[in-house]
Each structure stands twice: as structure tokens, then as C-alpha cells.
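Going by the working numbering, the sequence shown opens with residue 10, and the numbers climb by one from there.
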Amino acid sequence: AGYSAGLLQLMSHAIFKASLFLAAGWVIHATGTRFMDQMGGLAKALKLTSIAMIFAGLSLMGIPPFSGFWTKDAILSATFESSQYILYAIGLGTVLLTAFYTTRMLGITFAGKASKHLEELQKEGNHNSEAGLTMLIPYLALAVASLALGVLYPLYSGPLANYLMGTFQSLPPILSGGSVPGLSTTDIILLAASTSMAAIGLALGYVRYFRRPYEAPTQMKGLRGFLWHRWYIDAIYYRVFVGGLTWASRGLYRYIEQGIWDRLSPAVARDIIDYTSASGTLDSSVVDRGVNDVASAGSRLSNLLRRFQSGVTEQYVIVFAIGVVLLLVYMIFIIGAR
């Protein structure tokens, strides 16, 4: 039951949360700000957008007959039936908070009068017009779908849940859960409890943010500042990671680069210069001299051989004749003696 309820809740959230995000994107675009306290009174100018966000918001709160009402109750019922009473109590508290902050969002954004920021935009000619059809139709259709799926939920929830539970037949009983929750006496009590928490949160939010103009709270400034700065998570992140890395890089620069490397590199450079100087001496005194001596010997040998290549034919004939005579003498006296 818990798995099937979770999947149904996931599908329901995919619809009304998409509507909320799309509509919120247009509200931010139309007002030029993402801060709700700079909005207000937008229900007249953005009538269809406000209706879409109210429908999707009611589904998020879990107000009947929207789809979020059924899926939220299915999760709470599965939690209670599995004897997870602490989690069930946390879930009930979450229902109240969700209804309250969703009503707060709707009240600050659409109810009351326009903020000074919007009045200045209107003076500049920006009247916060409604979204175009290409933007309006998707989130309006999703909002209506959250209502339609909620109305039709009793017709398709049972077969769909039974189909989904077939997927978990191989799981241990503690994970797969039992059958799809029915409307037993316990279920009716649980449904009434969760609906009551949603109604209380909705009523508190309506009285606080719809019945009277919104004003920034002056009480509990410390808590408000803490929440406004997002629990100081960003500040801690920048202090620890950004500031910490900056501090570490400065330390490395000061103690490693300047303290060690800058002192070591001149000595290394001097050693390299001395080595290259010694290598230059060896190169010029040994290698270059050896290469030059070989070249000189080749030059002298070529000059010597050049004397025998005078180009005069008579000299070549004389040398040839002398060679023949010497060869004959060698053959007669040396070879003949053997």
C-alpha cells in the first residue's frame, strides 16, 4: 500500500507542481521580482493565472476533491497502518504547515493591494498583463487536471493501485505492504484527521494573509532574519569553502611559493647556469675540437689526393706504366720465388 500510494502521490505531484512552477514563472516575469512582498493584488490583473495557482495550491494542501487530497491521505493511511506513529504525526504536522505556507503564498501574491514596486511598474506602463496562450494553456490545463483527477480518483485508484502492487509481489511483506486501503472506520478517522489539519492551516493562512493587508512582521526579527538568510547556509558555505580555499591559497602562496620556492628557484637557476657553462666548456674544448680535427684531417687528405688528379693525360699514362712495371716485378720476384 505504501509503494502504490507513493507512486500515486508522485504522479499527482508531477501535475500540480508543474502547474505551480509554470504559473510562478509567469508571475515573476510579469512583476519583475521574485520576492512576494514586492507583489500583491495580482488577482485582477492575472485572473486566470491566480485561478490556476489556487487550484494547484489546493491540491498541494490536500483539500478535497483535488488529487493531492487522495494521494496525501493514502500515504498517511499506509504510514499509520504500518505502525509508524511518529512518522504519521510528523506527516500530520507537515499537512498543516503545507496548507499554511501555500495559503500564505497565495495571499501575499494575489490578495490585498499592489506593492510599491508594482505601483512603480504601473506608472512606467507595465500593467502586469496575463500570460499568452502558449504559456497560459499548459499551466491552466494542469491545474484543471489536478481537479479532474481528484474527482475521478475513486474510479481509477483501485485498479491502478492493484496494478502497481503487482510490481511489488517479490518484495518482503514489510516492504510490499497489504492491500489497497479501503474506507474502513480507521481510514475515515485518518482521513478526517488529515483533512482537519489541512483545513486548520488553510484557515490560519486565510485569516492572516487574505483578511488583512500583508505587512512585514516586526516581531521575532532574529528568527525572521535567520530564515530570510536561508539558515545562513550560503554564508557558511562561502565562509568555509570559498573563504577557506582563499585562505589556503594565500597560505600556500606565502609559505610555499614565496617562502620556499622563491628562495630555492634562484639557487636552482644558478646550478643550471653553472651546469650549462660547464657543458659549454666541454662542448667547445672537446666536442667542437674533435669535430674540427676530423674536418681538418679530411681537408688535408683531400689536398694530398688532389695532387694526383692534375688533369694532365701524360701524367696519368706515366703513373699507369709505373704501376704496371711494379706489378710485373712483384709477380716475377715475389710470386716466382714461391
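Note that beta-carbon positions come from the ideal geometry of N, C-alpha and C, so glycine has one too. Computed from a predicted structure; not experimentally measured.
Please go through the segment 227-282 and give each complete alpha helix (DSSP H) segment of 4 or more residues, from N-terminal end onward. 230-237, 242-246, 252-260
Can you check whether the CB of L101 is closer than 8 Å to the CB of M48? Taking the first residue of the sequence shown as 1, we reach residue 48 at position 39. Taking the first residue of the sequence shown as 1, we reach residue 101 at position 92. No, the pair does not count as a contact, with Cβ atoms beyond the cut-off.
Could you spell out the range, first to last residue, of the alpha helix (DSSP H) harbouring R113? To locate residue 113, count along the sequence shown from 1; it is residue 104. 94-119 is the span of the alpha helix (DSSP H), which, as asked, contains R113.
Please report the Cβ distance between H77 and S155, rounded to the nearest whole angstrom; I am assuming they are in contact, meaning their Cβ atoms lie under 8 Å. Working through the sequence shown from its first residue, we reach residue 77 at position 68. Working through the sequence shown from its first residue, we reach residue 155 at position 146. It is Gly, not His, that sits at residue 77 in the sequence shown. Sure, about 7 Å apart at Cβ, within 8 Å.
Rounded straight-line distance, which links the Cα of F250 to that of R113: As a position in the sequence shown, residue 113 is number 104, starting the count at 1. As a position in the sequence shown, residue 250 is number 241, starting the count at 1. Each residue's alpha carbon lies about 35 Å from the other.
First and last residue of the uninterrupted alpha helix (DSSP H) at S59: Numbered from 1 along the sequence shown, position 50 holds the residue referred to as residue 59. Segment 56-70, the alpha helix (DSSP H) holding S59.
For the alpha helix (DSSP H) holding P147, just list the boundary residues, first then last. Numbered from its first residue, the sequence shown carries residue 147 at position 138. Here the alpha helix (DSSP H) through P147 covers 142-160.
Evaluate D82 with the Cβ neighbour count: other Cβ atoms within 10 Å of its Cβ, from every protein chain shown; 16 or more gives buried, anything less gives exposed. Reading the sequence shown from its first residue, position 73 is the one you call residue 82. When all chains shown are included, D82 counts as buried.
For R217, name the three-state secondary structure that DSSP assigns. Working through the sequence shown from its first residue, we reach residue 217 at position 208. Residue state, collapsed to three classes: helix.
Count the CB pairs spanning the segment 19-32 and the segment 59-66 that are closer than 8 Å, and state whether there are at least three. yes
So, helix, strand or coil for E133, using DSSP? For this step, residue 133 is matched to residue 124 along the sequence shown. Note: E133 maps to coil in three-state DSSP.
Using the rule of at least 16 other Cβ atoms within 10 Å of the residue's Cβ for burial, across every protein chain shown, is M20 buried or exposed? Locating residue 20 in the sequence shown gives position 11, counting from the first residue. Exposed, by the Cβ-count rule.
Below 8 Å on the Cβ atoms is my guess for T111 versus L69; work out the distance and round it to an integer in Å. For the purposes of this step, residue 111 is identified with residue 102 of the sequence shown, where counting begins at 1. For the purposes of this step, residue 69 is identified with residue 60 of the sequence shown, where counting begins at 1. With a Cβ gap of about 5 Å, T111 and L69 count as contacting.
By a C-beta neighbour count over all protein chains shown, 10 Å radius and 16 as the cutoff for buried, is W256 buried or exposed? Locating residue 256 in the sequence shown gives position 247, where the first residue counts as 1. Looking at its Cβ environment, which holds fewer than 16 other Cβ atoms inside 10 Å, W256 is exposed.
Buried or exposed for I72, going by 16 or more other Cβ atoms inside 10 Å? Numbered from 1 along the sequence shown, position 63 holds the residue referred to as residue 72. Under this definition I72 is a buried residue.
Under three-state DSSP, which class holds E381? Residue numbering for the chain in the displayed model covers 10 to 347; residue 381 lies beyond these limits and cannot be assessed.
Measure the Cβ-Cβ separation of A54 and N135 and say whether it is below 8 Å. Here residue 54 refers to the residue found at position 45 when the sequence shown is read from its first residue. Here residue 135 refers to the residue found at position 126 when the sequence shown is read from its first residue. Taking 8 Å as the Cβ cut-off, A54 and N135 do not qualify as a contacting pair.
Selection from A98, W237, Y12 that minimises the alpha carbon distance to L169: On the sequence shown, position 160 is the one that residue 169 refers to. Of the candidates A98, W237, Y12, the one whose C-alpha sits nearest the C-alpha of L169 is Y12.
Which whole-angstrom value is the C-beta distance of F44 and A120, which I expect to be below 8 Å? By one-based count along the sequence shown, residue 44 stands at place 35. By one-based count along the sequence shown, residue 120 stands at place 111. Actually they are not in contact, since the Cβ atoms of F44 and A120 sit about 16 Å apart, beyond 8 Å.
How big is the Cα-Cα spacing for V36 and A212? As a working note, residue 36 is residue 27 in the sequence shown. As a working note, residue 212 is residue 203 in the sequence shown. Distance between the alpha carbons of V36 and A212: 24 Å.
Measure the beta-carbon distance from A14 to A87 and round it to whole angstroms, keeping in mind my assumption that it falls under 8 Å. Start at 1 with the first residue of the sequence shown, and residue 14 comes out as number 5. Start at 1 with the first residue of the sequence shown, and residue 87 comes out as number 78. Going by Cβ atoms, the distance from A14 to A87 rounds to 5 Å, so yes, they are a contact pair.
Which residue wins for smallest C-alpha separation from N171, given the options A330, L337, L16? What you label residue 171 is simply residue 162 of the sequence shown in a count that begins at 1. N171 has its Cα closest to that of L16, out of A330, L337, L16.
How long is the line joining the alpha carbons of Y246 and R239, rounded to whole angstroms? Looking up residue 246 in the sequence shown gives position 237. Looking up residue 239 in the sequence shown gives position 230. In a straight line, the C-alpha of Y246 is about 12 Å away from that of R239.
Between which two residues does the alpha helix (DSSP H) containing T322 stretch? If you number the sequence shown from 1, residue 322 lands on position 313. Segment 322-338, the alpha helix (DSSP H) holding T322.
Spatial neighbours of I95 within its chain, please: C-beta separation below 8 Å, excluding the five flanking residues on both sides. Counting from 1 along the sequence shown, the entry for residue 95 is found at position 86. There are no such residues.
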